[in-house]
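J.: Take a look at the following structure, please.
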Amino acid sequence: MVSSMRRLIGAEWLRRGLLALALVALGGGVVFAQGSGASGAEAKQGSASAQSSSPSTPQTVPNALPVASPSPSTASPSPSAAPLPNTVPPSATSPLTKAQARELFQSVDEILAFVSKDTDLPIVHGVKRKMLTRDAVNKYLRGKFDEDAGAKRLQRSEIVLKKFGLLDRDFNLRPFMISLLTEQVAGFYDSKTKTVNLLDWIAPEEQKPVLAHELTHALQDQRVGLSKWSSVGSNAIARNAMEDNQHIQTDEADTARDAVAEGQAMVTFLDYSLRETGKTLQSAPELMERLKGSLSDTSGSPILERAPLLLQRSLLFPYSEGMCFEDAILVKNGKDAAFGAVLASPPNSSFEILHPEAYMAHTPVPVLRLPDIHPLIDAQYTPYDVGVMGEFDVQILTELFGGQEIAAALAPEWRGGIYYAAQRRSAVTAAEKASTASIALLYESKWRNEDSARSFLRVYAGELPRKYSGLARRTQDEADESEQVYSTSEGDVLLSIDGTGVFISEGFPLELARKLRDRVGKAQSDGPLEVAGAGNRGGSNAFARDAGAFDPGLSLAQKISSAGVMKAAIDDAERYTLKRQ
């Protein structure tokens, strides 16, 4: 689910906007906030490519990193649900001088060599570099965000996330995301043009650690071809049972690969930042243990700190959890296993990212099956969205609905989950189609035991009053103790438990909801175990992989991370490394 949110914002270009946010979470803007504050003289406006050149020696560059945002004490807070400005705040410094620009261009070769040695990823060919103005970056990001396909994916995912209750009904996602991206970018690597894009308003010493991150993406690109490698799933709407299950099989594959790409780049970012100490994450594993506590800290980014929990967690996921995943492999199995081998045989799910020991042991990740429900619903509904509710999704949902303690206890009990969303054919106008009332949703989940299943059902049921007006329980319509039936302003709601399985229907008429429950439940007990997959992975327990996937939550983070490194992720790391030095 969260992976579709990441996918909804696009892969490649979104990565160019997220590094800065990651930096903020990791370092509070200690280094990168300099020269990127919300006040000061307006940066010089100019053409998109003030300078560009090709390296004299082979090089590469990462996907993109934003600069850290100003500290909370100097920046104005932005309401999470209110539209935010869609332009980057004025720069506190003047554009780079010719000498500074020359220094930054020349540093690309040196940093690229460091990254290659740090990762054992070879430099295959040279990398072009270009200097961009702030205005050019803003224009580029807004243009990408406004592309028709991206806008449609955004609208679809936003409605489903609101239907689940992961976003408030009145939250406007598009202006928030545009503001987040345009305020966070700090330079980026474009795998299509094989160019590293530098920023003319940020001092060279502030951009160099970001270059270590971005040049990691460049080496990854030369190794596996990032554009194709990072986009396993399909953005097309599934319209039959075969396509439904193809989507489900690979729903979190893009998210997992994104976490690998960003996690590797975060390792090199930290190693570069620590270079003067002679330490690396591999040689000093205790550094990661001390760093973990700050990985989810958003206090360095006023915008991200006020964002909905879903956005905070999903946007930081590839940086924080990806770094922990890579570090675990690096410490246990070495550099080749953590970099080249993982790129060649990437994980398929958020479960594997959260549990790297499961990935290293080739533990199959169970995936629930969706039977052919189209004969039951297609006359009145059109297919809208289908995907996986993974362990990471459950972490967010249960924390939002029940708090951190409940989430910490329940998420590890997760044993699989899928959802299907359909839109009423009676919704004709744009306003009707944009409303959550037009969406009917089913969600089937499996749990470790009956106690955890009942606990999840209680948490989910407790959130219904916040999601719906006119909520009324209809005990007279409940078949037995296993059912909870409600009337809401958006139609019937059925909550049902059967052993370790929990079925939820929102918006489908009660009679149809029961038919769907019975058909979906029966499908889980028939046939062989399905496992997550998107290609071939070596080992005796190799995963089968098909094409297609859509996860509304994490695809948002994926779109953002393709626009650059998040300040929030890198700043937390930077803050820690500064303390250590």
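If you read the sequence shown in the working numbering, its first letter stands for residue 15, the second for the next number, and so on. For every residue, glycine included, the Cβ atom is placed at its ideal position computed from N, Cα and C. For clarity, every value in this text was computed on a predicted model and none was experimentally measured.
Helix, strand or coil: which one does DSSP assign to Phe522?
T.: Position 508 of the sequence shown, counted from the start, is the residue given in the question as residue 522. Here Phe522 sits in coil by DSSP.
J.: Evaluate contact between the segment 107-120 and the segment 263-276, counting only Cβ atoms and requiring at least three cross-stretch pairs below 8 Å.
T.: Short answer: they don't touch.
J.: Please report the straight-line C-alpha distance between Ala527 and Lys346, rounded to a whole angstrom.
T.: The residue labelled residue 527 in the question sits at position 513 within the sequence shown. The residue labelled residue 346 in the question sits at position 332 within the sequence shown. For Ala527 and Lys346, the distance between alpha carbons rounds to 48 Å.
J.: Give a yes or no on contact between the segment 191-210 and the segment 247-259, applying the rule of three or more CB pairs nearer than 8 Å.
T.: Segments in contact, no.
J.: Taking the DSSP output, what are the residues bridged to Leu323?
T.: What you label residue 323 is simply residue 309 of the sequence shown in a count that begins at 1. Paired residues: none, contrary to the question.
J.: Which word fits Asn100, buried or exposed, when buried means at least 16 other C-beta atoms lie within 10 angstroms of its C-beta?
T.: The residue labelled residue 100 in the question sits at position 86 within the sequence shown. Reliability fails at Asn100, whose pLDDT of 35 lies under 50, so the model's placement of it is uncertain and the value that follows must be treated cautiously. Per the 10 Å Cβ criterion, buried.
J.: Measure how close the beta-carbons of Lys177 and Ala435 come, nearest whole angstrom, since I'm counting them as under 8 Å.
T.: Residue numbering aside, residue 177 sits at position 163 when the sequence shown is read from its first letter. Residue numbering aside, residue 435 sits at position 421 when the sequence shown is read from its first letter. Confirmed, Cβ separation roughly 7 Å.
J.: Cα separation between Glu117 and Gly277?
T.: Residue 117 sits at position 103 when you count from the first residue of the sequence shown. Residue 277 sits at position 263 when you count from the first residue of the sequence shown. Taking the straight line from one Cα to the other gives about 28 Å.
J.: What residue range does the beta strand (DSSP E) around Glu458 cover?
T.: For the purposes of this step, residue 458 is taken as the residue at position 444 of the sequence shown. Segment 453-461, the beta strand (DSSP E) holding Glu458.
J.: Would you call Ser469 buried or exposed, if buried means 16 or more other Cβ atoms sit within 10 Å of its Cβ?
T.: Numbered from its first residue, the sequence shown carries residue 469 at position 455. The residue in question, Ser469, is buried, as its Cβ has 16 or more Cβ neighbours within 10 Å.
J.: Excluding five sequence neighbours on each side, which residues of the same chain lie with their C-beta closer than 6 Å to the C-beta of Trp428?
T.: In the sequence shown, residue 428 corresponds to position 414, counting from 1. Glu405, Val408, listed in sequence order.
J.: Whose C-beta lies closer than 6 Å to the C-beta of Gly430 among residues of the same chain, with five residues either side of it excluded?
T.: Along the sequence shown, read from residue 1 onward, the residue named residue 430 stands at position 416. If we look at Gly430 and ignore the five residues flanking it on each side, its Cβ neighbours are Pro380, Leu382, Lys460.
J.: By how many angstroms is the C-alpha of Val507 removed from the C-alpha of Gln394?
T.: On the sequence shown, residue 394 is found 380 positions in, with the first residue counted as 1. On the sequence shown, residue 507 is found 493 positions in, with the first residue counted as 1. Those two C-alpha atoms are separated by around 17 Å.
J.: Along the chain, where does the alpha helix (DSSP H) that runs through Val402 open and close?
T.: Here residue 402 refers to the residue found at position 388 when the sequence shown is read from its first residue. Unbroken run through Val402 is the beta strand (DSSP E), 395-402; no alpha helix (DSSP H).
J.: Is the distance from the Cβ of Leu213 to the Cβ of Leu146 below 9 Å?
T.: In the sequence shown, counting from the first residue as 1, residue 213 sits at position 199. In the sequence shown, counting from the first residue as 1, residue 146 sits at position 132. In this structure, Leu146 lies closer than 9 Å to Leu213 by Cβ.
J.: Report all residues from its chain with a CB closer than 7 Å to the CB of Leu323; omit the five preceding and five following residues, and keep chain order.
T.: One-based indexing of the sequence shown puts residue 323 at position 309. For Leu323, where only same-chain residues beyond five positions count, the Cβ hits under 7 Å are Ile410, Glu413, Leu414.
J.: Say whether the segment 439-446 touches the segment 485-503, bearing in mind that this needs 3 or more beta-carbon pairs closer than 8 Å, one atom from each stretch.
T.: No, they do not touch.
J.: With three or more C-beta pairs closer than 8 Å as the rule, is the segment 342-362 touching the segment 384-404?
T.: No, the segment 384-404 is not in contact with the segment 342-362.
J.: Where does the unbroken alpha helix (DSSP H) through Asn259 begin, and where does it stop?
T.: Residue numbering aside, residue 259 sits at position 245 when the sequence shown is read from its first letter. From DSSP, the alpha helix (DSSP H) with Asn259 extends over 255-263.
J.: Could you give the DSSP three-state label for Arg143: helix, strand or coil?
T.: Within the sequence shown, residue 143 is the residue found at index 129, counting from 1. Reduced to three states, the DSSP call for Arg143 is strand.
J.: Quick check: what's the CA-CA separation for Phe564 versus Glu290?
T.: Within the sequence shown, residue 564 is the residue found at index 550, counting from 1. Within the sequence shown, residue 290 is the residue found at index 276, counting from 1. For Phe564, the predicted model reports a pLDDT of 40, less than 50, meaning its position is unreliable; a value from the coordinates is still stated below. In a straight line, the C-alpha of Phe564 is about 43 Å away from that of Glu290.
J.: Quick one, which of Arg462, Tyr398, Tyr433 has its alpha-carbon nearest Ala423's?
T.: Here residue 423 refers to the residue found at position 409 when the sequence shown is read from its first residue. Nearest option by C-alpha distance: Arg462.
J.: Out of curiosity, what's the CA-to-CA distance linking Pro352 and Glu340?
T.: For the purposes of this step, residue 352 is taken as residue 338 along the sequence shown, with counting starting at 1. For the purposes of this step, residue 340 is taken as residue 326 along the sequence shown, with counting starting at 1. For the sequence presented, residue 352 should be read as Ala rather than Pro. Between Ala352 and Glu340, the C-alpha separation is close to 6 Å.
J.: Going by CA-CA distance only, name the one from Leu384, Glu300, Pro426 that's closest to Gln601.
T.: Residue 601 cannot be examined here, being either before or after the span of the chain that is shown, 15 to 595.
J.: Where does Asn254 land, buried or exposed, given buried means 16+ other C-beta within 10 angstroms?
T.: In the sequence shown, the residue the question calls residue 254 occupies position 240. So Asn254 ends up on the exposed side.
J.: Which one of Tyr457, Ala321, His369 has the shortest CA to CA distance from Ile343?
T.: Residue mapping note: residue 343 aligns to position 329 of the sequence shown, counting from 1. Nearest C-alpha to Ile343: His369.
J.: Less than 6 Å between C-beta atoms, sequence neighbours within five positions excluded: which residues of the same chain meet that for Leu456?
T.: Taking the sequence shown and counting its residues from 1, one reaches residue 456 at position 442. Tyr434, Ser519, Leu530.
J.: Got a sec, what are the start and stop residues for the beta strand (DSSP E) Gln498 sits in?
T.: The sequence position of residue 498 within the sequence shown is 484, counting from 1. First-last of the beta strand (DSSP E) with Gln498: 497-502.
J.: So for Ser328, helix, strand or coil by DSSP?
T.: Counting from one through the sequence shown, the residue named residue 328 turns up at place 314. Of the three classes helix, strand and coil, the one that applies to Ser328 here is helix, per DSSP.
J.: Mapping DSSP to helix, strand and coil, what is Thr111?
T.: As a first step, residue 111 must be located in the sequence shown, where it is residue number 97. Coil.
J.: Could you say which of Asn186, Ser244, Trp243, Val199 lies nearest to Leu225 if we only look at CA atoms?
T.: Counted from its first residue, the sequence shown places residue 225 at position 211. Per the Cα distances, Val199.
J.: Among Glu220, Tyr203, Asp160, Tyr286, which has the Cα closest to the Cα of Ile125?
T.: For this step, residue 125 is matched to residue 111 along the sequence shown. Considering only alpha carbons, the answer is Tyr286.
J.: Any C-beta of chain C sitting closer than 9 Å to the C-beta of Pro479?
T.: No chain C appears in the structure shown, which is made up of a single protein chain.
J.: With 16 as the cutoff for other CB atoms within 10 Å, does Met256 come out buried or exposed?
T.: Taking the sequence shown and counting its residues from 1, one reaches residue 256 at position 242. Flag for Met256 reads exposed.
J.: Assuming contact is defined by CB atoms lying nearer than 9 Å, are Tyr203 and Val151 in contact in what I supplied?
T.: Here the question's residue 203 lines up with position 189 in the sequence shown. Here the question's residue 151 lines up with position 137 in the sequence shown. Not in contact: Tyr203 and Val151 (Cβ atoms no closer than 9 Å).
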